[in-house]
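What follows is a short report on a single structure.
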Amino acid sequence: MTDPRDMIRQAEQQCQQRGARFTPIRRRVLELIATTRGGLKAYELLDRLAAEHAAARPPTVYRALEFLIDQGLVHRIESLNAYVACPCPEHTHGFQLLICRHCGRVEELHLDEVNDHLTRRARELGFEVQRQTIELLGQCDACRQSLSPTDSAESP
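Going by numbering that gives the first Met the number 0, 115 is the number at position 116 of the sequence shown; the sequence numbering is gapless.
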């Protein structure tokens with residue numbers, strides 16, 4: 000997992016370079032997402048923010064999320080309706096998410112050839128891709144190993 004402090008520093012630099020305002024509320028939303036294993040739902044974010052800022056309301060959270068997504072700092076996990084911090088926002092191409100159904104761990108892949116192939120095939124069919132979300136749901140190695148029977152009984 001990428002260090003959340005590094006993610007925040009990178010976000011600050013990226014926003015400064017782009018002339019985008021990285022407000023305290025946007026920063027805090029990113030901090031909350033970056034320090035949570037797996038994804039956070041918008042209302043979970045709202046609950047956490049409301050504990051710190053009495054004025055926090057749903058539009059506040061959704062505007063911050065929209066900004067963070069537009070800047071490539073956060074991804075929306077469509078299947079879970081949750082949000083996860085992007086460990087490499089400098090990567091401007093598409094991505095794929097590996098989501099563990101057991102522990103909620105999310106890993107980001109950058110297999111550009113997969114995205115390029117899908118975009119090219121869609122174009123051949125007369126379809127213009129505007130957004131692409133590829134999510135692979137399954138079980139991470141740690142969960143598979145912790146849930147599998149011990150191998151020691153099978154050892155010679």
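Think of the CB as a built atom: it goes at the ideal place given N, C-alpha and C, for glycine as much as any other residue. None of these values were measured; they are calculated from a predicted model.
If contacts are defined as beta-carbon pairs under 8 Å, then residue i and residue j qualify, I think. What distance do you get, rounded to the angstrom?
| i | j | result |
| --- | --- | --- |
| Q95 | L108 | 4 Å |
| I24 | T59 | 6 Å |
| G37 | V83 | 7 Å |
| Q13 | P88 | 6 Å |
| A55 | L48 | 4 Å |
Taking the continuous beta strand (DSSP E) assigned at residue i, which residues delimit it?
| i | result |
| --- | --- |
| V83 | A81 to A84 |
| R75 | V73 to I76 |
| E107 | V105 to L108 |
In angstroms with no decimal places, state the Cα-to-Cα distance between residue i and residue j.
| i | j | result |
| --- | --- | --- |
| R104 | P57 | 26 Å |
| E134 | L45 | 25 Å |
| A41 | L117 | 30 Å |
| C139 | H52 | 36 Å |
| R119 | G93 | 13 Å |
| S145 | V128 | 40 Å |
| E30 | I7 | 7 Å |
| F21 | D5 | 15 Å |
| G125 | F66 | 31 Å |
| T34 | G18 | 25 Å |
| T1 | A121 | 34 Å |
| E170 | I98 | Past the edges of the chain, shown from 0 to 155, lies residue 170, and the structure says nothing about it. |
| H74 | Q131 | 11 Å |
| R143 | N114 | 28 Å |
Heavy atom of the ligand GTP less than 7 Å from the Cβ of residue i, yes or no?
| i | result |
| --- | --- |
| L135 | No copy of the ligand GTP appears in this structure; indeed no ligand is present at all. |
What residue does the alpha helix (DSSP H) around residue i start on, and which one ends it?
| i | result |
| --- | --- |
| C14 | P3 to R17 |
| A33 | P23 to A33 |
| E112 | D111 to E123 |
Chain D beta carbons: is any one of them nearer than 8 Å to that of residue i?
| i | result |
| --- | --- |
| R17 | No chain D appears in this structure, which consists of one protein chain only. |
Among all the DSSP beta bridges, which residues are the ones paired with residue i?
| i | result |
| --- | --- |
| G137 | C99 |
| L45 | According to DSSP, L45 bridges with nothing at all. |
| L67 | According to DSSP, L67 bridges with nothing at all. |
| L39 | Y82 |
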